[in-house]
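Some notes on the structure that comes next.
2 protein chains.
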Amino acid sequence: MTNNVIKALEWRYATKIFDTSKKLSDDQVHTLLDAMRLSASSFGLQPWKFILIKNPQVREELFKNAFGQIHVRDASHLIVIASKIDLDENDVSAYVKQMSDERGVPVEMLQGYKDMMVGFVKSKSKEDLQSWMQKQTYIAMGTLLTTAAMMDIDACPMEGFDRVAFDKILGLTELGFASQTICPIGYRSSEDQTASYKKIRMPFEQAVIEI
Amino acid sequence: MTNNVIKALEWRYATKIFDTSKKLSDDQVHTLLDAMRLSASSFGLQPWKFILIKNPQVREELFKNAFGQIHVRDASHLIVIASKIDLDENDVSAYVKQMSDERGVPVEMLQGYKDMMVGFVKSKSKEDLQSWMQKQTYIAMGTLLTTAAMMDIDACPMEGFDRVAFDKILGLTELGFASQTICPIGYRSSEDQTASYKKIRMPFEQAVIEI
């Protein structure tokens, strides 16, 4: 497994030109989204929503707001990762309720855990809370990219798009979410010369310190 | 591979009690850190440092600043993920220089890409830049957790520790970095009852929207 993961991550690159004729199966897409759903997040609160774009007209509208980056239009599928805008005691209560139901533990026994979470949430300004929730969505992006690579699926993590336009087109604001990153997924085109470029990474000794 | 990834992510949990008698091999730890090193980041700038704690005294000092959470002390290994504090044109230039060297492309041909990155960096306030770099480190955390799970290695992603103390003990500030998250890695203890708890996640239909 060791070599498999490293090989997959070395094979991975930010795919700029996708093969428009190759589509991912429903099963593949479901697996990627399910892996994201299973991602870790602080306290397990999962302050995110993953949007799978299926409607071609919507896809075209999003493409128009992605600074001409054709992979947004041409990849087999497009995933938008959004973070929650607000988080309050009600969200924590719902989470604790689900935990109580699914684990068969009385809510009273989870009171300490709940209090800790509520205390944390209340200690933060609205901006800090948003920033904290946004960070969690990047864990899901890491999960997506690693999972895709292990499945020989290409992807391109992106921050460069018009978030306001995306939120409007997808109706995210009304749902209480804001788009953070997007990720076209599918298969690289043989015409994507960047696939053969050497991956540029810090040498191990520079990226890692041993103390 | 599909089922392997999902099975691994379902097996994964935030390990609270590690088996102190079971140690990861150097190869395993190197693979995990190398996977992190290969993580995606915005523009590929890798605004991070990964610190592997090997010195037992340092580990003990860190434990004292982790609110009594014994997994910080007891796990086979401890990784600290830090983000860069400052990022300026010099960092971008160094990155472009490496790209030029390793790909054999004249720096002049990378000028457009460089200008775009420098423009992005200069358009941000120091705080926004830090927040943006911090987010990138969460991708590496996602890579770490997914990779560890695929390798049957346990882990516990953590934000709850005294960052100021950690930075001081590890001398990170002088290096231009600030700790963001930590992750004890190793093997779960048979005494960790939380290992058998049902994982609490939003149902697929709630985590994912299809549009």
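First to last, the sequence lines map onto chains A and B.
Numbering-wise (this note's numbering), the first sequence opens with residue 2 and increments by one.
Numbering-wise (this note's numbering), the second sequence opens with residue 2 and increments by one.
Each residue gets a CB set at the ideal place from its N, CA and C atoms; glycine is no exception.
This one's a predicted model, so the numbers in the text were calculated from it and none came from an experiment.
Three-way DSSP call (helix, strand, coil) for residue 106 of chain B in this model: coil
Of the listed residues B:33, B:128 and B:65, nearest to residue 205 of chain A (C-alpha basis): B:33
Reduced DSSP secondary structure (H/G/I, E/B, other) of residue 50 of chain A: strand
Interface partners of residue 59 of chain A on chain B, CB under 8 Å: 212
Contact with chain A by residue 51 of chain B, beta-carbon distance below 9 Å: yes
Alpha-carbon spacing of residue 115 of chain B relative to residue 138 of chain B, whole angstroms: 22 Å
Interface positions of the segment 76-93 of chain B facing chain A (Cβ-Cβ less than 7 Å), listed along the chain: none
Under the three-state DSSP convention, the category residue 211 of chain A falls into: strand
Cβ distance (whole Å) where residue 37 of chain B is taken to contact residue 145 of chain B below 8 Å: 5 Å
Cross-chain neighbours of residue 118 of chain B in chain A, by beta carbon under 7 Å: None at all; the shortest Cβ gap to chain A is about 11 Å.
Assumed close pair residue 148 of chain A, residue 147 of chain B - CB separation to whole angstroms, cut-off 8 Å: 6 Å
Nearest residue (CA-CA) to residue 97 of chain B, options B:112, B:7 and B:89: B:112
Partner residues on chain A for residue 18 of chain B, Cβ-Cβ distance less than 7 Å: Residues of chain A passing the Cβ test: none, with the nearest at roughly 17 Å.
Closest residue to residue 16 of chain A among A:102, A:155 and A:82 (Cα-Cα distance): A:155
C-beta neighbour in chain B for residue 25 of chain A, strict 9 Å: no
One or two residues paired with residue 155 of chain A in a DSSP bridge: A:187
CB contact flag (residue 51 of chain B, residue 210 of chain A, <9 Å): yes
Extent of the continuous beta strand (DSSP E) to which residue 25 of chain B belongs: Careful: residue 25 of chain B lies outside any beta strand (DSSP E) and carries neither H nor E.
Same chain, Cβ closer than 7 Å to residue 25 of chain B, neighbours up to 5 away in sequence not counted: 77, 78, 154, 186 and 187
Residue range of the beta strand (DSSP E) that includes residue 80 of chain B: 78-85
Residue 194 of chain A classed as buried or exposed, judged by whether at least 16 other C-beta atoms fall within 10 angstroms: exposed
Cβ neighbours of residue 160 of chain A in the same chain (closer than 6 Å, five flanking residues each side left out): 182
Other residues of its chain near residue 29 of chain A: CB distance less than 8 Å, five sequence neighbours each side excluded: 152 and 154
Paired residues, beta bridge with residue 15 of chain A - DSSP: A:156
Complete runs of the alpha helix (DSSP H) confined to the segment 126-182 of chain B [at least 4 residues]: 127-151, 164-171 and 173-176
Rounded straight-line distance, which links the Cα of residue 49 of chain B to that of residue 135 of chain B: 8 Å
9 Å Cβ cut-off: residues of chain A touching residue 104 of chain B: 198, 199 and 201
Extent of the continuous alpha helix (DSSP H) to which residue 43 of chain A belongs: Element bounds for residue 43 of chain A: n/a, residue is neither H nor E.
Length of the line joining the Cα atoms of residue 72 of chain B and residue 172 of chain A: 42 Å
Test: residue 71 of chain B CB closer than 9 Å to a CB of chain A: no
Residues near residue 5 of chain A in its chain [Cβ-Cβ closer than 8 Å; skip 5 each side]: 151
Short CB-CB distance (under 9 Å) between residue 130 of chain A and chain B: no
Proximal chain A residues relative to residue 56 of chain B, where beta-carbon distance stays under 7 Å: 212
Rounded separation between residue 212 of chain B and residue 58 of chain A - CA only: 10 Å
Secondary structure of residue 34 of chain B, DSSP reduced to three states: helix
Delimiting residues of the alpha helix (DSSP H) encompassing residue 123 of chain A: 112-123
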